[in-house]
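Working notes, beginning with the structure itself.
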Amino acid sequence: MSDGGPHDGRPIEVAGAPRAAATAAVVMLPGRGDSARNFLRLAEEFHHHGATYLAPEPAGKAWYPGPTDDPPEAKEPWLSSAFGLVARALDEAGAAGVPPERTVLVGFSQGACVAAEFAAARPRRYGGLAVLAGGLFGPDPEARAFEGSLDGTPAYLGCGDDDPRVDPERVRASAAAFRRLDADVTDEVSEGLGHAIGDDQMAAVRRLVGGVADETE
């Protein structure tokens, strides 16, 4: 369904298992300035047989304008349009026979914020959630009111202590909010890591993807 927003009709790059053979899925949301195709290369680091990888391409290689401490309503219409694109990726996975319970949401930087906001706004059991160098919007993510339950979804939130763009306190506060939504949360601040995906974060994504892929292999 068309939402008429800035990300309406944007392409979704796909790699991994062919649609007919997919038993698990990973939706990968790139950071600002990155392309979906380039971010999809990261899937080589956590490849699993039977997993299909879907990377939506945001308009202009950016999901939204402004800083993360803006309230979510300040991100409209970009945020709702981003949700529509993420939902379309989930629908494509579903059409291949892979439900959200076997789908991991992975995002970096702006993509991490979109993944976090999407999961919090549309809570249910997902295969996993990886929020890498990002978090929920607003001046105090922990104080935001959410409804519903993530029903034990494994969630990892990680950043570096040398990240000039992401305050570790935002990651910790976002993790607290996800615990209230009944996610099984791990939060981690990696020493010496800047605004990047480090070894700790890659290991966490491998565990999440392995969890849904191993269940079906």
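Position 55 (the sequence shown) corresponds to 61 in our numbering; numbering is contiguous. Beta carbons: idealized from backbone N, C-alpha and C, even for Gly. The structure displayed is predicted, hence computed values, not measured ones.
Spatial distance of residue i from residue j (CA atoms)
{"i": "residue 95", "j": "residue 110", "result": "11 Å"}
{"i": "residue 88", "j": "residue 184", "result": "20 Å"}
{"i": "residue 50", "j": "residue 22", "result": "9 Å"}
{"i": "residue 114", "j": "residue 36", "result": "6 Å"}
{"i": "residue 62", "j": "residue 73", "result": "21 Å"}
{"i": "residue 10", "j": "residue 173", "result": "33 Å"}
{"i": "residue 150", "j": "residue 181", "result": "12 Å"}
{"i": "residue 19", "j": "residue 47", "result": "11 Å"}
{"i": "residue 189", "j": "residue 66", "result": "32 Å"}
{"i": "residue 179", "j": "residue 168", "result": "18 Å"}
{"i": "residue 15", "j": "residue 77", "result": "26 Å"}
{"i": "residue 196", "j": "residue 24", "result": "35 Å"}
{"i": "residue 209", "j": "residue 216", "result": "10 Å"}
{"i": "residue 193", "j": "residue 26", "result": "35 Å"}
{"i": "residue 125", "j": "residue 206", "result": "22 Å"}
{"i": "residue 28", "j": "residue 117", "result": "24 Å"}
{"i": "residue 214", "j": "residue 191", "result": "12 Å"}
{"i": "residue 83", "j": "residue 12", "result": "7 Å"}
{"i": "residue 79", "j": "residue 54", "result": "37 Å"}
{"i": "residue 64", "j": "residue 121", "result": "13 Å"}
{"i": "residue 147", "j": "residue 58", "result": "32 Å"}
{"i": "residue 127", "j": "residue 177", "result": "17 Å"}
{"i": "residue 40", "j": "residue 93", "result": "20 Å"}
{"i": "residue 288", "j": "residue 34", "result": "Outside the displayed span of the chain (7 to 223) sits residue 288, for which this structure offers no information."}
{"i": "residue 112", "j": "residue 134", "result": "8 Å"}
is_contact[residue i, chain C] using C-beta, thresh 8 Å
{"i": "residue 21", "result": "The chain inventory of the structure shown lacks chain C, comprising one protein chain alone."}
Cβ-based burial, residue i [other Cβ within 10 Å; buried from 16]
{"i": "residue 154", "result": "exposed"}
{"i": "residue 101", "result": "exposed"}
{"i": "residue 123", "result": "buried"}
{"i": "residue 158", "result": "exposed"}
{"i": "residue 175", "result": "exposed"}
{"i": "residue 204", "result": "buried"}
Presumed contact (8 Å Cβ cut-off) between residue i and residue j, rounded CB distance
{"i": "residue 81", "j": "residue 143", "result": "7 Å"}
{"i": "residue 60", "j": "residue 98", "result": "6 Å"}
{"i": "residue 129", "j": "residue 187", "result": "5 Å"}
{"i": "residue 211", "j": "residue 52", "result": "5 Å"}
{"i": "residue 219", "j": "residue 56", "result": "6 Å"}
{"i": "residue 85", "j": "residue 70", "result": "6 Å"}
{"i": "residue 198", "j": "residue 170", "result": "13 Å between Cβ atoms; not a contact."}
{"i": "residue 38", "j": "residue 68", "result": "5 Å"}
{"i": "residue 145", "j": "residue 75", "result": "5 Å"}
{"i": "residue 108", "j": "residue 202", "result": "Rounded, the Cβ-Cβ distance is 28 Å, inconsistent with contact."}
Bridge partner(s) assigned by DSSP for residue i
{"i": "residue 113", "result": "35 and 137"}
{"i": "residue 163", "result": "137 and 193"}
{"i": "residue 57", "result": "30"}
{"i": "residue 203", "result": "Paired residue(s): none; residue 203 is not in a bridge."}
{"i": "residue 22", "result": "58"}
Count the C-beta pairs between the segment 161 to 168 and the segment 134 to 143 that are closer than 8 Å, then say yes if the count reaches three, no if not.
-> Here the segment 161 to 168 lies against the segment 134 to 143, with 3 or more beta-carbon pairs under 8 Å apart.
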